[in-house]
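Some notes on the structure that comes next.
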Amino acid sequence: WYHIIGTYDGNIVKQYVNGVLNEQLTYAGTSLSDGVEVRIARRWDGNSGEEPSNYYPGDIGLVRIYNGVMQEGDILNRFNNTKTIYGF
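Structure follows, in structure tokens:
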């Protein structure tokens with residue numbers, strides 16, 4: 589079981605795993621505020637093929653999408669408040 593959160597502030601994409609910053613990269617683009625699809629557990633880079641390698645090979649227990657960027661303290665709190673649900 590992993591708790592994964594991704595954030596994007598308009599300049600930097602960050603990935604947190606179990607409440608800790610795991611990776612970040614600079615990205616120039618816009619947010620998805622115009623109603624387009626959001627891909628969860630599927631390739632994000634435009635590959636629309638249906639090959640199994642384009643999908644995450646596991647289960648997803650919970651998905652939440654927030655309007656705004658979460659701060660590191662909020663991310664760690666969410667991990668700590670959620671981990672007992674999954675026996676972590």
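Using my numbering, the first residue of the sequence shown is number 589, and each one after it goes up by one. Note that the Cβ used here is the ideal one computed from N, Cα and C, for glycine as well.
Going by the C-beta, is residue i closer than 8 Å to any heavy atom of the ligand PLP?
i: Gly661; result: The model on display carries no ligand, and the ligand PLP is accordingly not part of it.
In the DSSP assignment, find the unbroken beta strand (DSSP E) run with residue i in it and report its ends.
i: Ile592; result: 592–596
i: Leu708; result: Any question about residue 708 goes unanswered here, given that the chain covers just 589 to 676.
i: Tyr628; result: Before going further, note that residue 628 is Ile rather than Tyr in the sequence given. Counting along the chain, Ile628 falls outside any beta strand (DSSP E), and DSSP gives it neither H nor E.
i: Ile663; result: It is not in any beta strand (DSSP E) - Ile663 instead sits in the alpha helix (DSSP H) that spans 660–670.
i: Ile600; result: 600–605
Need the endpoints of the alpha helix (DSSP H) that residue i sits in, please.
i: Asn611; result: A quick correction: the sequence has Glu, not Asn, at residue 611. Element bounds for Glu611: not the alpha helix (DSSP H) but the beta strand (DSSP E), 608–614.
Pull up the DSSP beta-bridge partners for residue i, would you.
i: Tyr643; result: Arg630
Am I right that residue i and residue j are in contact with their C-beta atoms under 8 Å? What's the rounded C-beta distance?
i: Gly607; j: Ile663; result: 6 Å
i: Val657; j: Thr595; result: 5 Å
So does the segment 606–613 actually touch the segment 639–647, counting three or more Cβ pairs closer than 8 Å? no
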